[in-house]
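What follows is a set of notes on a single structure, which appears directly below.
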Amino acid sequence: MRSTDDGGRHDRVRLPDITVAVTTHGTGTPVLLLHGFPHTKEVWQFVATQLVAAGHRVVTPDLRGMGETSRSETGYGAASLAQDQVQLLDALGIGAAHVVGLDAGAAPAFAMATGSPERVQSLTIVEAVIGGLAGAESFAATGGPWWFGFHQAPGGLAERAVAGNEDAYIRFFLDAGSRTGVPDHLARRIVAAHTGRERLRAAFEHYRAMPDNAVTNRAWAEQGGSLTMAVTAVGASTLGDVPARQLERIATDFVGYLLPDSGHIVPVDAPDELARIILATIARGGGPSTPGSTATPPRAACAPPEPRPSTDHPSRGGSRRRS
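Going by the numbering used here, the first residue of the sequence shown is number -19, and it counts up by one from there.
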């Protein structure tokens, strides 16, 4: 264990088949923040400080095979990644947490909510498409981003092609994903975490698991699956209202937000707005928001997605409860 400059602690927690690098800050109601690609747990630093100040225990792990968490040959499917997080919570003595998933981190976050709902007090999905769920037709119509297919190419093509050019490749995603710019110290940390063929392979395995994840999610939805915890979707300039369109159909308590001025990496571009949204979701999920505050959703800073011209689903401006 080592301390961080801001009073947190870095730990390496041994689980049955991997060792997870995790940073924890604060005390109080636990909040689990899961990063995406190509990120590390440090992408949450600007949000985490605000959640800690509001009285929460913030847990930010590196996902399996990414950052300082150990790499494995298998185990990159959403269910396995979710089990990693459940085991991590067990190791930290946490029963349930408010779970937030960004980009690729949404896959294990969603799998926790469907497979271990008793461990998820609330679920917030940020700039992510949940494979296999309806509502992402506009995203799928374009065939998806080119790197989805590239990372899934057989024979390890992607890691063989990118090895030796990691700086340019990883910074492409960081530059494209942020309108304000990823701070250089964070960019250098992320590039280093994705340098080397084996590190790249492990990161790309998250993409190679996507087809199977989609099959699992589709089957769950077709069997009438429903999320009963407080659920929030956050879209930005990249995905817009796609996350809300997907999640409003399957959640009994749902709120959606749109941050049109933020790039894809919302914790970097709009940390203040995202922190307020997470605090509002925590309050809906039965936890404290900020001391002496009800943490009203920041509608002035980020308007909810506009309701589409259909009466099939309620507008995404507030909660809804299905009977």
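C-beta: ideal position from N, C-alpha, C; glycine also.
Would you report the Cα separation of S217 and S158, rounded to the nearest angstrom? 10 Å
The region 117 to 125 touching the region 234 to 241, judged by at least three CB pairs closer than 8 Å: no
Taking the C-alpha atoms as reference points, what is the distance between D192 and H165? Cα to Cα, D192 sits roughly 35 Å from H165.
For the 8 Å Cβ check, are there 3 or more pairs between the region 32 to 47 and the region 220 to 232? no
Proximity below 8 Å, CB of Q101 to CB of A84: no
Assuming A58 and F90 make a contact with CB atoms under 8 Å, what is their CB distance in whole Å? 7 Å
For T49, which residues in the same chain have their Cβ closer than 6 Å to its Cβ, ignoring the five residues on either side in sequence? Result list for T49: V0, A1, D42, in chain order.
Can you name, in chain order, every residue of its own chain whose Cβ lies under 8 Å from the Cβ of R140, other than the five neighbours on each side? Excluding residues within five positions, the ones whose Cβ falls inside 8 Å are R177.
Sufficient close CB pairs (3 or more, under 8 Å) joining the region 13 to 28 to the region 173 to 189: yes
Report the residue from V(-7), Q203, T196, T212 whose alpha carbon sits nearest the alpha carbon of S60. T196
Taking three-plus beta-carbon pairs below 8 Å as touching, is the region 148 to 163 in contact with the region 244 to 260? yes
Ignore the nearest five residues each way along the sequence and tell me which others in A182's own chain have a CB closer than 7 Å to its CB. G45, M46, R51
For M92, name the three-state secondary structure that DSSP assigns. Under the three-state reduction of DSSP output, M92 falls in the helix class.
Inter-residue spacing [alpha-carbon to alpha-carbon] between V171 and F128: Distance between the alpha carbons of V171 and F128: 19 Å.
If you draw a straight line from the C-alpha of V222 to the C-alpha of T232, how long is it? The alpha-carbon atoms of V222 and T232 are separated by roughly 18 Å.
Nearest candidate by alpha-carbon position, reference L207, set D64, S118, G112, S96: S96
Going by the CB atoms, is the gap between L12 and V80 shorter than 8 Å? yes
Under a three-way DSSP split, which group does I105 fall into? Assignment of I105 by DSSP, reduced to helix, strand and coil, places it in the strand class.
What separation, rounded to the nearest whole angstrom, lies between the Cα atoms of A248 and L254? According to the sequence shown, residue 248 is Val rather than Ala. Spanning the two alpha carbons is a distance of roughly 10 Å.
In whole angstroms, what is the alpha-carbon distance linking R151 and M190? 23 Å
Where L137 and F153 are concerned, what is the direct C-alpha to C-alpha distance, given to the nearest angstrom? Just so you know, the alpha carbons of L137 and F153 end up roughly 19 Å apart.
Contacts around G205, its chain only, beta-carbon distance under 7 Å, and the 5 residues preceding and following it disregarded: Non-local C-beta neighbours of G205 in its own chain, meaning closer than 7 Å and more than five positions away in sequence, comprise T94, I230, ordered along the chain.
Any idea what DSSP makes of G57, helix, strand or coil? In the three-state reduction of the DSSP assignment, G57 falls in the coil class, being assigned neither a helical nor a strand state.
According to DSSP, simplified to helix, strand and coil, what is A281? Only weak support exists for where A281 lies, its pLDDT of 39 falling under 50; the value from the coordinates is given anyway. Residue state, collapsed to three classes: coil.
Have a look at I74 and T4 and give me their C-alpha separation to the nearest angstrom. 12 Å
Where does R(-11) sit, in a helix, a strand or coil, going by DSSP? strand
By a C-beta neighbour count over all protein chains shown, 10 Å radius and 16 as the cutoff for buried, is A33 buried or exposed? exposed
Is the Cβ-Cβ distance between V142 and R99 less than 8 Å? no
Comparing the C-beta of E107 with each C-beta of chain D, is any distance below 8 Å? Among the chains in the structure shown there is no chain D, since it carries only a single protein chain.
Could you pull the DSSP bridge partners for G215 from this structure? L238
Determine the burial state of G(-12): buried for a count of at least 16 other Cβ atoms within 10 Å of its Cβ, exposed for fewer. buried
Supposed contact pair A210 and G144 - C-beta distance, whole angstroms, cut 8 Å: That belief does not hold up - the Cβ atoms of G144 and A210 are roughly 45 Å apart, past 8 Å.
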